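In order, the protein sequences belong to chains A and B. Residue numbering for the first sequence follows this note's numbering, starting at 5 and increasing by one per position. Residue numbering for the second sequence follows this note's numbering, starting at 5 and increasing by one per position. A virtual CB, placed ideally from N, CA and C, is assigned to each residue, including glycine. Please read these numbers as outputs of a predicted model, since none were measured by experiment. Shown next, in structure tokens, is the structure this report addresses.
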Amino acid sequence: MLLWSRRLLAGLNILNWITGLAIVAALGWVGFAAPDLFIARARPYHVAHPEAAIAWLRWVTFITAPVILLAHVILTRLIAIIDAARAGTPFIAANAARLRHIAWALLGIQLLDLAFGLVSIRASAATGEYFGWSFGVTGWLAVLLLFVLARVFERGAAMQDEIERTI
Amino acid sequence: MAIRVQLDDLLWQRRMTLTELSERIGITVANLSILKTGKAKAIRFSTLDAICRALDCQPGDLILFDPKEPADED
Numbered sequence: 005m006l007l008w009s010r011r012l013l014a015g016l017n018i019l020n021w022i023t024g025l026a027i028v029a030a031l032g033w034v035g036f037a038a039p040d041l042f043i044a045r046a047r048p049y050h051v052a053h054p055e056a057a058i059a060w061l062r063w064v065t066f067i068t069a070p071v072i073l074l075a076h077v078i079l080t081r082l083i084a085i086i087d088a089a090r091a092g093t094p095f096i097a098a099n100a101a102r103l104r105h106i107a108w109a110l111l112g113i114q115l116l117d118l119a120f121g122l123v124s125i126r127a128s129a130a131t132g133e134y135f136g137w138s139f140g141v142t143g144w145l146a147v148l149l150l151f152v153l154a155r156v157f158e159r160g161a162a163m164q165d166e167i168e169r170t171i
Numbered sequence: 005m006a007i008r009v010q011l012d013d014l015l016w017q018r019r020m021t022l023t024e025l026s027e028r029i030g031i032t033v034a035n036l037s038i039l040k041t042g043k044a045k046a047i048r049f050s051t052l053d054a055i056c057r058a059l060d061c062q063p064g065d066l067i068l069f070d071p072k073e074p075a076d077e078d
């Protein structure tokens, strides 16, 4: 179970980098290198202000890039936690720190999602097209849960240390 | 830590080695060494019982409170 989870997470991390960089490259290329091409393609669809869509693409490029790094932090820390659990030492201070790193990374992703929502709402208003985004509480609850779990792990690690030094 | 373990002194008084004590009470030398060097976090009543029986002493002979030492931060 743990071994398969580890393999899955390692695979997901590779996928994160490949697809993430491809998406950022595509968004960046259209947004910065070939905006005229996008405007020309959008013309038959009667988009009200295509330049607003271009601005949206540029913003989304900046918002998406750090997500790759944050997802990398989440996946690698999870792999390290799994490795510690497989070694028979899940309640260690390092795992508590890893969980806290994951919580901060997820918080970063949530904040970037809010930024994405803001630029999407603005772009929707400017162009009359729907730039899909909706607010969700699941991610925020996950952030809270992870910070709580990190604290629990910290306490667990301290208890484990105490047990190990009880003669 | 203001609590001091006097195991070394007791062993010397009884002319006993840590290995001999370990064999008598069934606790590893490594664990007794942790206790002796003051690195232990806690001591079980069963351990205290076994040591006191083997060394023919009272718990107060083994454990000492030194108010001059700073308190444990944990």
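Take residue i and list the residues in its own chain whose beta-carbon comes closer than 6 Å to its own, dropping the five residues that flank it on each side.
i: D70 (chain B); result: A6 and R8
i: L59 (chain B); result: L14 and R18
i: L61 (chain A); result: L31, V34 and G35
i: N1 (chain A); result: As displayed, chain A neither begins before 5 nor continues past 171, which places residue 1 (chain A) out of reach and without an answer.
i: Q164 (chain A); result: F95
i: H53 (chain A); result: A130 and T131
For residue i and residue j, which I take to be in contact (beta-carbon distance under 8 Å), what is that distance rounded to the nearest angstrom?
i: I167 (chain A); j: N35 (chain B); result: Not really, about 12 Å apart at Cβ, beyond 8 Å.
i: A57 (chain A); j: A46 (chain A); result: 7 Å
i: L13 (chain A); j: L82 (chain A); result: 5 Å
i: R169 (chain A); j: A75 (chain B); result: Contact doesn't hold; Cβ gap of about 17 Å is too wide.
i: I38 (chain B); j: T51 (chain B); result: 11 Å between Cβ atoms; not a contact.
i: L74 (chain A); j: L103 (chain A); result: Not confirmed; about 15 Å, so no contact.
Would you mind reading off the limits of the beta strand (DSSP E) that contains residue i?
i: I7 (chain B); result: I7 to V9
i: F69 (chain B); result: I67 to F69
Which bits of chain A does residue i rub up against, with CB to CB less than 8 Å?
i: I47 (chain B); result: T170 and I171
i: I31 (chain B); result: I171
i: K43 (chain B); result: R169
i: T21 (chain B); result: By Cβ distance, chain A contributes nothing, its closest Cβ being about 18 Å from T21 (chain B), past 8 Å.
Here's a check: name, in chain order, each residue in its chain whose Cβ is nearer than 8 Å to the Cβ of residue i, leaving out the five neighbours to either side.
i: T72 (chain A); result: Here residue 72 (chain A) is Ile; the residue named in the question, Thr, does not match the sequence. N20, W21, G24, L25 and V28, listed in sequence order.
i: T23 (chain B); result: V33
List the DSSP bridge partners of residue i.
i: L6 (chain A); result: Per DSSP, none; premise fails for L6 (chain A).
i: A46 (chain B); result: A:T170
Looking at the unbroken alpha helix (DSSP H) that takes in residue i, where does it start and where does it end?
i: Q114 (chain A); result: A97 to T131
i: C79 (chain B); result: Because chain B spans 5 through 78 in this model, residue 79 (chain B) falls outside it and cannot be assessed.
i: W60 (chain A); result: P54 to R90
i: W144 (chain A); result: T142 to E168
i: P48 (chain A); result: Element bounds for P48 (chain A): n/a, residue is neither H nor E.
i: R28 (chain B); result: L22 to I29
Compute the minimum distance between the beta carbon of residue i and the heavy atoms of the ligand SAM, and state whether it is under 7 Å.
i: A75 (chain B); result: With respect to small molecules bound, the structure shown includes none, and the ligand SAM cannot be examined in it.
Since residue i meets chain A, which of its residues come closer than 9 Å, beta carbon to beta carbon?
i: L59 (chain B); result: Ordered by position in chain A, no residue passes the 9 Å Cβ test against L59 (chain B), which lies about 15 Å from the chain.
i: L39 (chain B); result: I171
List the residues of chain A that residue i touches, going by C-beta distances under 7 Å, in chain order.
i: A75 (chain B); result: What A75 (chain B) touches in chain A: nothing, since even the nearest Cβ is about 16 Å away.
List the residues of chain B that residue i touches, going by C-beta distances under 7 Å, in chain order.
i: E166 (chain A); result: K45 and A46
Take residue i and list the residues in its own chain whose beta-carbon comes closer than 7 Å to its own, dropping the five residues that flank it on each side.
i: F120 (chain A); result: V64, I67 and W137
i: W144 (chain A); result: Q114
i: E73 (chain B); result: M5 and A6
i: L16 (chain A); result: L79
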